[in-house]
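Asks: Below you'll find the structure I mean.
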């Protein structure tokens with residue numbers, strides 16, 4: 023990648039930084055414990071649609087899938103980010119609302135901020151930036167797979183391949 027393209031990517035990221043951070047805070051604020059990702063997934067789906075994903079749908083397991091590019095592409099790149107989190111334990115043990123979180127020294131501390139909602143905004147926006155700047159190879163489809171992982175690790179990915187029939191050539195795990 024040449025320096026001009028790198029500069030364009032940096033500029034685009036900077037232009038959406040506040041929007042991405044707001045989106046991140048919004049999805050962290052939506053509880054998604056015990057594999058209940060529908061509400062947070064609806065917010066993520068809304069953002070995918072707003073940013074122009076070519077297709078957005080739910081699979082039969084309740085996982086959210088977004089696609090940029092043709093469903094008939096020769097090469098498939100999958101970005102995998104799960105939206106469910108572990109529970110909060112004893113609410114009285116928290117010094118702050120675990121879903122609203124707190125920012126300390128530029129770091130957001132909240133349930134799901136690290137494991138694992140943090141990768142979702144970067145993946146979601148990064149794929150759009152790559153598309154808009156013409157950085158995705160021709161005849162490649164990229165998928166963002168927002169799934170249930172905490173209680174059934176592997177089952178969601180299996181359903182993605184077996185039920186949806188999508189077999190990625192490359193996978194990036196968030």
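Numbering (our numbering), first residue to last: 23 to 196. Ideal Cβ positions, reconstructed from N, Cα and C, are used throughout, including at glycine. Just so it is clear, the structure is predicted and the values come from calculations on it, not from any experiment.
#1: Can you find the residues in the same chain that come closer than 6 Å, C-beta to C-beta, to residue 70, ignoring five residues on each side of it along the sequence?
#2: What are the boundary residues of the alpha helix (DSSP H) that residue 163 is part of?
#3: Can you list the alpha helix (DSSP H) stretches of 4 or more residues lying completely in the stretch 54–97, in chain order?
#4: In the structure shown, what three-state DSSP assignment does residue 41 receive?
#5: Of the residues 53, 132, 102 and 115, which one's Cα is nearest the Cα of residue 183?
#6: Which same chain residues end up closer than 8 Å to residue 72 when comparing Cβ atoms and leaving out the 5 residues on each side of it in sequence?
#7: Mapping the DSSP letters down to three states, classify residue 185 as helix, strand or coil.
#8: Does the distance between the C-beta of residue 139 and the nearest non-hydrogen atom of the ligand ADP fall short of 8 Å?
#9: Can you say whether residue 138 is buried or exposed, counting buried as having 16 or more other CB atoms within 10 angstroms of its CB?
#10: Out of curiosity, what's the CA-to-CA distance linking residue 44 and residue 64?
#11: Let me make sure I understand the geometry here. Which of 91, 129, 135 and 112 has the alpha-carbon closest to that of residue 121?
#12: Let me confirm a value: residue 145 is counted as buried when at least 16 other C-beta atoms fall within 10 Å, else exposed. Which label applies?
#13: Does residue 105 come out as helix, strand or coil in the three-state DSSP assignment?
#14: Cα separation between residue 98 and residue 165?
#15: Roughly how many angstroms lie between the CA atoms of residue 84 and residue 153, to the nearest whole one?
#16: Just the Cα atoms here: how many angstroms apart are residue 91 and residue 149?
#17: Per the DSSP calculation, residue 131 is bridged to which residue(s)?
Replies: In short, the structure shows the following:
#1: Excluding residues within five positions, the ones whose Cβ falls inside 6 Å are 78 and 88.
#2: From DSSP, residue 163 is part of no alpha helix (DSSP H) but of the beta strand (DSSP E) over 162–169.
#3: Listed in chain order, the complete alpha helix (DSSP H) runs (minimum 4 residues) inside the stretch 54–97 are 60–72.
#4: Judged by DSSP in its simplified three-state form, residue 41 adopts helix.
#5: Cα-wise, what sits closest to residue 183 is 102.
#6: None.
#7: Residue 185: coil per DSSP, three-state reduction.
#8: With respect to the ligand ADP, the structure offers nothing, as it holds no ligand at all.
#9: Around the CB of residue 138, 16 or more other CB atoms lie within 10 Å, so the residue is classed as buried.
#10: Taking the Cα positions, residue 44 is about 16 Å away from residue 64.
#11: Here the closest residue by C-alpha is 135.
#12: Classification of residue 145: buried, given that the 10 Å Cβ count is 16 or more.
#13: Residue state, collapsed to three classes: coil.
#14: Here the alpha carbons of residue 165 and residue 98 stand approximately 8 Å from one another.
#15: C-alpha of residue 84 to C-alpha of residue 153: approximately 26 Å in a straight line.
#16: Linking residue 91 to residue 149 through their CA atoms gives a straight-line distance of about 11 Å.
#17: DSSP lists 124 as partners of residue 131.
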